[in-house]
Structures are given as structure tokens and as C-alpha cells.
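Asker: In the working numbering, the protein residues as written are 2 to 321.
Pasting a structure below so you can have a look.
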Amino acid sequence: MSPWLQVGLFLAVSWLAVGTGCGPVEDLSGAPVEEPGIVEQPGTLEQEAASANGLSFNGLSFNGMSSNGLSFNGLSFNGLSSQGLASSQFVTWFQTNPTLADMVMRYVVRCAVPAGQLRSYRNPVTGTTHTWAGLLGLAPDWAQGQRATTTEQQVVSACLAAHTTNSGTTMAISVLGLNGRGQAIPYSSVELSGFAKQEACFFGNLFTDEGIYVASDQGLLRGSQSSPRGCALSPGPLERVEENCPPIVPLSSCDVYCESSLFKPYHSRCTYQGRSYRPITTRLRRQDVFECGDGICQFTESCGLGTSYRSCLRDCGPCR
């Protein structure tokens, strides 16, 4: 399977999850967001790190992203520019599944290209013009039409993985880290206090066959706790590890694999199997980690006679 087909599969899964989720999420100002699954902060630079997960695991796998790498569509060599988008490799990849490819590119551009810039592609078969907006600017050289550097490949891969969901819901997340040139994604104290819950670190390289990984940045959840981000937060010691996260491989703690930036709320480097990667660090709002016993039967909780999220009497009642 070609690398671009894998990327599509991985992102497609996320896309399918978004399609079954709740209504549009809202940004920090309370303004409704146009696309379910995405929360953008279009105002200040400090707001640009806050977005929402909405990528499905199908998307990352569908077009070959997870096994053959992003290079399959030619963009990693030709650049994320009009020239790269017009290459025969990209056209062939896009036509494999235009709907899924459109979703993949939405997140690729969002992660790689700076806010205020757009990338467009006219489908030669349908005549439809697809336009995608940049946001985080993690790959400045690639966005300018140059070949993606290894570091840019890594941080864009981590960003894509950070935006995936296996639960079918959408929620806002804080995305932190360094771009391909070592410059920090802007953030503010307001963002850190609003997204006060440390979540996970994502790292790997989807442009190659090195895989993509996630580790917890806050330790194990208690047995009574659950989260829509089941692949990012580790379940408690008596709970099973989620198995519906491929191609993302869950590891243990970020502290085991990653180095933290001094006095910064993100990790600067992660190492796995002898390879070093530039990661993305994520944070959540406190209300997005659910607790059995709070009186609300969340979709992550189940009926039963116990006090764990898999058997939550107080919230979901006994099973009938």
C-alpha cells in the first residue's frame, strides 16, 4: 500500500469518528465552529495552539500514512505548494478516495502551514476546488515548497496523531511544542489555565515506516475515571489497555521516553528504539476527564453495580 494511502486510512478512521460525534464544538470565546471536530482559535497568536481533535484512525491508515509514509503522495519531496499539489503522485493519491483525502489534507495543512495561509487543489476529474487553511505552522520550509525536513516530518506526524479520536466525539485540546525550526508554538497563561490537565505526548514519523506513538503525561487514570481520548490517557491498573487505537502505538509515560523543556509546558524530544523525535504535547480541560459518581452517565461509562467507569451504578444505574 502506498504511503499516502496509509495516511488516508489513519485520518479516515478519525474522520468517521467525527461524523458520529456531537454537534459543533465551541472555541474559547464561545463562538460556534463551522466544522464538527475542529476548534480553532483565529484571534491572537496565543490562541493558535488550541484546536480540537477530530481526526479518525481510518484517516491515518487509509492512504498509507501509517505504513508506507506520507511520501507516497509526493508532497514530502515536492513541497506543500501548488507545484506539489499538482504532481501526478498527489493527483493519483487524491483520486483514490477524494472525501478521505480532503479530510487528510485539511489536517496536514492545519498542522504544517501558518495561520492566515491557504492551500488549494482543483480536482481534475470533478472540477471541484478544495481549499484548506493553515493554523499551527509546524513545517515552515515544507509549507514554502521545499522538501520536508526530517524534523518537520516528525512534528507534523505528531500533530496529526494528536488530533485523532477513537470515541466519535469532538473536544478542544491544547497543542504545544516546537516547530520544525525549533520555534515554540505560541501559548499563554490563559490557555494553560483553561487546559489545566496534562494529557499526552505524541511522536513518530508517518512520512516513513517508523510508526507513531503516544505516551501519557499525567500517569494512570483512576478506575473511576475515563476520557473520550482513550488512546492518550492511560487507564487505571485494573482496567484493560485500549486496543482500538492503531496505527497509534500506546506506550507508558512521557517521562520514560521524553525530555522536558526547562520551565516550559511541553516536551522537546522523545526517544524510542534508538531514534529521537520532535514531539507534540497536549493538554485537556478538567471537565474532559469524566468521573464515575458525578451524576452524569457519560458515553464512556457503563451500567453496573460498581464504582468504576465500566460499571458505574451512581451515574448509569444497574444494567437491565
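All residues carry an ideal CB built from backbone N, CA and C; glycine is no exception.
If you draw a straight line from the C-alpha of Met66 to the C-alpha of Met106, how long is it?
Answerer: Stepping through the sequence shown from its first residue, residue 66 is reached at position 65. Stepping through the sequence shown from its first residue, residue 106 is reached at position 105. In this prediction, Met66 scores a pLDDT of 38, lower than 50, which makes its location untrustworthy; the coordinate-derived value is nonetheless stated afterwards. C-alpha separation (whole angstroms): 12 Å.
Asker: Tell me, to the nearest whole angstrom, how far the beta carbon of Glu200 is from that of Leu285; I am working on the premise that it is less than 8 Å.
Answerer: Position 199 of the sequence shown, counting from 1, holds the residue named residue 200. Position 284 of the sequence shown, counting from 1, holds the residue named residue 285. Their Cβ separation, rounded to whole angstroms, is 5 Å, which keeps Glu200 and Leu285 in contact under 8 Å.
Asker: Should the region 215-227 be regarded as contacting the region 301-310, the criterion being three or more beta carbon pairs within less than 8 Å?
Answerer: Yes, they touch.
Asker: Touch check for the region 110-120 and the region 128-138: three-plus C-beta pairs under 8 Å?
Answerer: Yes: the two stretches touch, three or more of their Cβ pairs being nearer than 8 Å.
Asker: Starting from Pro99, trace the alpha helix (DSSP H) in both directions and tell me its first and last residue.
Answerer: Counting from 1 along the sequence shown, the entry for residue 99 is found at position 98. Segment 99-113, the alpha helix (DSSP H) holding Pro99.
Asker: What span of residues does the alpha helix (DSSP H) with Gln84 cover, start to end?
Answerer: Taking the sequence shown and counting its residues from 1, one reaches residue 84 at position 83. Taken as a continuous stretch (DSSP letters only), the alpha helix (DSSP H) holding Gln84 covers 83-86.
Asker: Exposed or buried, what is Cys160 when buried is set at 16 or more other beta-carbons lying within 10 Å of its beta-carbon?
Answerer: In the sequence shown, residue 160 corresponds to position 159, counting from 1. Under this definition Cys160 is a buried residue.
Asker: Buried or exposed: where does Arg321 fall if 16 or more other Cβ atoms within 10 Å of its Cβ makes it buried?
Answerer: As a working mapping, residue 321 is identified with position 320 in the sequence shown. Burial call: exposed.
Asker: For Ala144, does the three-state DSSP call read helix, strand or coil?
Answerer: Within the sequence shown, residue 144 is the residue found at index 143, counting from 1. Looking at Ala144 - three-state DSSP - the assignment turns out to be helix.
Asker: Do you know how far the Cα of Ser158 is from the Cα of Thr93?
Answerer: Taking the sequence shown and counting its residues from 1, the one referred to as residue 93 is at position 92. Taking the sequence shown and counting its residues from 1, the one referred to as residue 158 is at position 157. Their Cα atoms are separated by approximately 22 Å.
Asker: Would you list, in sequence order, the uninterrupted beta strand (DSSP E) runs of no fewer than 3 residues that lie entirely inside the region 248-313?
Answerer: Entirely contained in the region 248-313, the beta strand (DSSP E) runs reaching 3 residues are, in chain order, 249-254, 259-261, 268-273, 276-278, 281-285.
Asker: Looking at Ala149 and Gly80, is the spacing between their C-beta atoms short of 9 Å?
Answerer: For this step, residue 80 is matched to residue 79 along the sequence shown. For this step, residue 149 is matched to residue 148 along the sequence shown. In this structure, Ala149 lies closer than 9 Å to Gly80 by Cβ.
Asker: Measure the C-alpha to C-alpha separation of Leu207 and His131 and round it to an integer number of angstroms.
Answerer: In the sequence shown, residue 207 corresponds to position 206, counting from 1. In the sequence shown, residue 131 corresponds to position 130, counting from 1. Using only the alpha carbons, I get a separation of about 23 Å.
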